[in-house]
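K.L.:
Just dropping this structure here.
Residue numbers (my numbering): 129 to 368.
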């Protein structure tokens with residue numbers, strides 16, 4: 129649990145242990161996009177093509193989180209970002225990685241290098257999605273550092289994280305973040321789940337001019353994740 133303005137740590141437990149981050153690692157995927165947008169290398173209306181690999185490994189048949197992108201379709205970056213952030217879409221991540229770096233592997237190497245430069249020194253990325261890979265690891269401190277960087281550096285793009293739902297290919301999906309609907313002041317950021325990682329959440333909320341960022345990982349159920357996240361934020365706002 130950290131203060132967003134100062135970066136001060138308010139609570140930590142096993143903060144530097146590398147763990148499988150699941151879809152929470154998509155924060156780094158989006159940092160690569162946001163930095164390229166800010167530098168003028170990408171535009172929101174620019175389109176990317178859905179290739180066979182993205183469609184097969186990240187699409188409907190994969191059984192994972194997807195935006196149901198059609199094979200060989202062209203999708204504007206603005207919609208791909210909404211797919212990644214709101215729907216946690218693996219197909220959108222792979223499309224972006226291929227489009228920006230030529231391959232997902234090359235993109236993952238760029239993600240690792242940039243994460244280390246930002247201070248997320250325990251991060252190693254093997255893909256753009258967070259799908260299970262024994263070498264794809266981050267610590268919860270890494271995730272908090274990246275969350276704070278997005279909030280403070282890209283306010284114009286942070287707004288994507290509070291979008292409640294997104295429809296693509298006539299399929300409406302709600303934002304999985306349990307804090308958005310129920311927690312006063314919550315406006316981001318990202319859930320994660322795989323069998324090996326358990327349930328994780330990066331959450332942020334602002335009240336009375338103060339913003340807190342919290343990261344939890346390894347919870348046993350969706351309900352545990354929600355309760356722990358709310359409890360940690362409540363404690364932070366009351367105690368500090």
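Glycine included, every Cβ here is placed at the ideal spot set by N, Cα and C. If you're wondering where the values come from, they're calculated on a predicted model, not measured in any experiment.
Using only the alpha-carbon positions, how far apart do residue 147 and residue 264 sit?
P.N.:
The sequence position of residue 147 within the chain shown is 19, counting from 1. The sequence position of residue 264 within the chain shown is 136, counting from 1. So the two alpha carbons sit approximately 8 Å from each other.
K.L.:
Could you tell me whether the Cβ atoms of residue 317 and residue 277 are closer together than 7 Å?
P.N.:
By one-based count along the chain shown, residue 317 stands at place 189. By one-based count along the chain shown, residue 277 stands at place 149. Not closer than 7 Å, so no.
K.L.:
Cα-Cα, which of 285, 269, 327, 210 is closest to residue 292?
P.N.:
Working through the chain shown from its first residue, we reach residue 292 at position 164. Here the closest residue by C-alpha is 210.
K.L.:
Please list the segments of the beta strand (DSSP E) lying wholly inside the stretch 249 to 322, counting only runs of 3 or more residues, in order along the chain.
P.N.:
293 to 296, 299 to 302, 314 to 322
K.L.:
By the 10 Å Cβ neighbour count, where 16 or more other Cβ atoms means buried, how is residue 381 classified, buried or exposed?
P.N.:
Because residue 381 is not part of the residues shown, which for the chain are 129 to 368, the question remains open.
K.L.:
Tell me, please, which residues DSSP counts as bridged to residue 327.
P.N.:
Sequence index remark: in the chain shown, residue 327 carries index 199 (1-based). Paired residues: 321, 347.
K.L.:
Once the 5 residues before and after residue 227 are set aside, which same chain residues still bring their CB inside 8 Å of it?
P.N.:
For this step, residue 227 is matched to residue 99 along the chain shown. For residue 227, where only same-chain residues beyond five positions count, the Cβ hits under 8 Å are 176, 177.
K.L.:
Among the residues of its own chain, which have a CB less than 7 Å from the CB of residue 143, if the five just before and after it don't count?
P.N.:
As a working note, residue 143 is residue 15 in the chain shown. Excluding the 5 residues flanking it on each side, residue 143 has same chain C-beta neighbours closer than 7 Å at 267, 268, 269, in chain order.
K.L.:
On the CB-based measure, 16 or more other CB atoms within 10 Å of its CB, does residue 99 come out buried or exposed?
P.N.:
This structure leaves residue 99 out entirely; the chain is present only between 129 and 368.
K.L.:
Using beta-carbon positions only, say whether residue 219 and residue 240 come within less than 7 Å of one another.
P.N.:
As a first step, residue 219 must be located in the chain shown, where it is residue number 91. As a first step, residue 240 must be located in the chain shown, where it is residue number 112. Going by C-beta atoms, residue 219 is not nearer than 7 Å to residue 240.
K.L.:
Which partner residues does residue 332 have in the DSSP bridge list?
P.N.:
The residue given as residue 332 occupies position 204 in the chain shown. Per DSSP, 316, 341.
K.L.:
Give the DSSP-derived three-state secondary structure of residue 177 in the structure shown.
P.N.:
Locating residue 177 in the chain shown gives position 49, counting from the first residue. In the structure shown, residue 177 sits in a strand (DSSP, three-state: E or B).
K.L.:
How should residue 274 be labelled, buried or exposed, when 16 other C-beta atoms within 10 angstroms of its C-beta is the threshold for buried?
P.N.:
Working through the chain shown from its first residue, we reach residue 274 at position 146. Buried, since its Cβ has 16 or more Cβ neighbours within 10 Å.
K.L.:
Where residue 281 and residue 229 are concerned, what is the direct C-alpha to C-alpha distance, given to the nearest angstrom?
P.N.:
What you label residue 281 is simply residue 153 of the chain shown in a count that begins at 1. What you label residue 229 is simply residue 101 of the chain shown in a count that begins at 1. The alpha-carbon atoms of residue 281 and residue 229 are separated by roughly 23 Å.
K.L.:
Under three-state DSSP, which class holds residue 204?
P.N.:
Reading the chain shown from its first residue, position 76 is the one you call residue 204. Residue 204: strand per DSSP, three-state reduction.
K.L.:
To which residues does DSSP link residue 131 through a beta bridge?
P.N.:
Looking up residue 131 in the chain shown gives position 3. 340.
K.L.:
So which of 348, 188, 332, 359 has the shortest CA-CA distance to residue 132?
P.N.:
On the chain shown, residue 132 is found 4 positions in, with the first residue counted as 1. Comparing Cα-Cα distances from residue 132 to each of 348, 188, 332, 359, the minimum goes to 332.
K.L.:
Just the Cα atoms here: how many angstroms apart are residue 351 and residue 164?
P.N.:
Taking the first residue of the chain shown as position 1, residue 351 is located at position 223. Taking the first residue of the chain shown as position 1, residue 164 is located at position 36. Whole-angstrom Cα-Cα distance: 36 Å.
K.L.:
How many angstroms separate the CA atom of residue 262 from the CA atom of residue 181?
P.N.:
Walking along the chain shown from the start, residue 262 turns up at place 134. Walking along the chain shown from the start, residue 181 turns up at place 53. Using only the alpha carbons, I get a separation of about 21 Å.
K.L.:
For residue 256 versus residue 234, is the C-beta spacing smaller than 7 Å?
P.N.:
Counted from its first residue, the chain shown places residue 256 at position 128. Counted from its first residue, the chain shown places residue 234 at position 106. No, the pair does not count as a contact, with Cβ atoms beyond the cut-off.
K.L.:
Closest by CA to residue 326, which one among 151, 157, 313?
P.N.:
Locating residue 326 in the chain shown gives position 198, counting from the first residue. Selected option, being the one with the closest Cα: 151.
K.L.:
Measure the C-alpha to C-alpha separation of residue 141 and residue 252 and round it to an integer number of angstroms.
P.N.:
Counting from one through the chain shown, the residue named residue 141 turns up at place 13. Counting from one through the chain shown, the residue named residue 252 turns up at place 124. Rounded to the nearest whole angstrom, the C-alpha separation of residue 141 and residue 252 is 20 Å.
K.L.:
I'd like the ranges of any beta strand (DSSP E) spanning at least 3 consecutive residues and lying wholly in the stretch 199 to 247.
P.N.:
202 to 204
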